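A.B. asks: Each residue of the sequence shown is one higher than the one before, counting from 145 in this note's numbering. A virtual CB, placed ideally from N, CA and C, is assigned to each residue, including glycine. None of these values were measured; they are calculated from a predicted model.
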Amino acid sequence: MIFVTGGAGFIGSNFVRHHAAHEKARMVNIDCLTYAGNLANLSGIDGERHELSRTDICDQSAIECLFEEHEPEAIVHFAAESHVDRSILGPDEFIRTNVLGTFSLLKAALGYWRGLAPERQKRFRFLHVSTDEVYGSLGPKDPPFSESTAYAPNSPYSASKAASDHLVRAYHHTYGLPTLTTNCSNNYGPYQFPEKLIPLMISNALNGKPLPVYGDGQNVRDWLYVEDHCRAVLKVLHNGTPGECYNVGGNNEKSNLDVVHAICDVLEELQPSPGKSYSSLITYVADRPGHDRRYAIDASRIGQELAWSPVETFETGLRKTVQWYMAHSDWLADVLSGAYRHAQASVNA
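See below:
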């Protein structure tokens, strides 16, 4: 039995699906179903091995009850507010969920872990999933982020994730809780909420809407296909050294403008535009405040120590992603209209 927090969101639901396909352990999926949580992301998953608990991770007493009831061997913590633009407009929820929510989970996990028999204590893991954005911004010639790179978060989102990373580290070094942390680059793939770059561009292009690109479009990110990330998380969960951090990247540095052009190219091949080309929809808009210029991940440690490397190239992963959104137009329409929120409003805690 393991706990997965945020398992109805983008990366979390992909992890739940990947885990169900490759592991035997049962899962309790802890998700309070905010706007980014979607029950449709979990369709078709074996109900005997997966249970959804609509619980707020900030509710420590409820989390403690779940620990007491299910006695998990591990907790994989994805739950987070993650959209930088939203954090700029309203940082409060990011502090609540990302900092206080992680703190609540750590306190509950520590109390549970201390009550376990020695052998079960040795097996227990608290895996915290974080981001490369905690490291700040790189110049064009700077080396990629490594696990020893100093933290320098530049947005309310990345600052909240940095704070949660430090809490996880402190709970290991102060109390001995066997924690693990992963810092990943930009994920993309199925079930991603269409406020993020790749699904937004796919959706807008298919609907003939403008493709808004911030600033000059030359902000660079390292792109990681979500299933490759899920494989990395499992590697760290099973074989990582407690107290350590592992960077996870896709070895795919691309500018935002290059990504948008790549999406247009795939769409032109799979579903040619009936009028002007998809790329003609590209529109430059005012840059967002504090927009980091470049992220890049050095993932050599997880490769050397845990034998992980990404399977997908950016080209293969992007094609799979575009094809998925084209094949799941109903899912996309429900998300864009908000209909998915009404469908899950009746789910009980």
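His-214 by DSSP, collapsed to three states: which one?
C.D. replies: Residue state, collapsed to three classes: helix.
A.B. asks: Quick check on Gln-336: buried or exposed, where buried means 16 or more other Cβ atoms within 10 Å of its Cβ?
C.D. replies: Buried, by the Cβ-count rule.
A.B. asks: Taking Ile-207 and Thr-199 to be in contact with their CB atoms under 8 Å, please state how far apart those CB atoms are, rounded to whole angstroms.
C.D. replies: Confirmed, Cβ separation roughly 7 Å.
A.B. asks: Would you grab the beta carbon distance between Leu-250 and Tyr-301 for me? Rounded to a whole angstrom, and I think it's under 8 Å.
C.D. replies: So it is not a contact: roughly 20 Å between Cβ atoms.
A.B. asks: Measure the Cβ-Cβ separation of Ile-174 and Ser-248 and say whether it is below 7 Å.
C.D. replies: Cβ distance not < 7 Å, so Ile-174 and Ser-248 don't count as in contact.
A.B. asks: Taking 6 Å as the cut-off, is the beta-carbon of Glu-195 closer than that to any non-hydrogen atom of the ligand SAH?
C.D. replies: Annotation note on the ligand SAH: not contained in the displayed structure, which lists no ligands.
A.B. asks: Taking all protein chains shown into account, decide if Glu-195 is buried (16 or more other Cβ within 10 angstroms of its Cβ) or exposed.
C.D. replies: Exposed, because fewer than 16 other Cβ atoms sit within 10 Å of the Cβ of Glu-195.
A.B. asks: Could I get the ranges of all uninterrupted beta strand (DSSP E) runs contained in the region 166-235, with 3 residues as the minimum, in chain order?
C.D. replies: 171-174, 194-197 and 218-221, all fully within the region 166-235.
A.B. asks: For Asp-366, which of helix, strand or coil comes out of DSSP?
C.D. replies: Strand.
A.B. asks: Would you say Ser-304 and Phe-211 are within 7 Å of each other, going by their C-beta atoms?
C.D. replies: The answer is no: Cβ separation not under 7 Å.
A.B. asks: Pair every Cβ in the region 367-377 with every Cβ in the region 325-335, then say whether three or more of these pairs are closer than 8 Å.
C.D. replies: Yes, they touch.
A.B. asks: Quickly, what does DSSP pair Leu-355 with across the bridge? List them, please.
C.D. replies: Leu-355 pairs with Ile-426.
A.B. asks: Excluding the 5 residues flanking Ser-423 on each side, which residues of the same chain have their C-beta closer than 7 Å to its C-beta?
C.D. replies: So the list reads His-405 and Cys-408, once near-sequence residues are dropped.
A.B. asks: How far does the alpha helix (DSSP H) with His-317 in it reach, from first residue to last?
C.D. replies: His-317 -> alpha helix (DSSP H) spans 300-319.
A.B. asks: For Val-148, report the span of its beta strand (DSSP E) as first-last.
C.D. replies: Unbroken beta strand (DSSP E) run through Val-148: 146-149.
A.B. asks: Once you ignore the five residues that flank Gln-204 on each side, which residues in its own chain have a CB closer than 7 Å to its CB?
C.D. replies: Excluding sequence neighbours, Gln-204 sits near Ser-248, Lys-251 and Ala-252.
A.B. asks: Between the beta-carbon of Pro-216 and the beta-carbon of Ile-146, is there less than 7 Å?
C.D. replies: Result yes, Cβ atoms of Pro-216 and Ile-146 sit closer than 7 Å.
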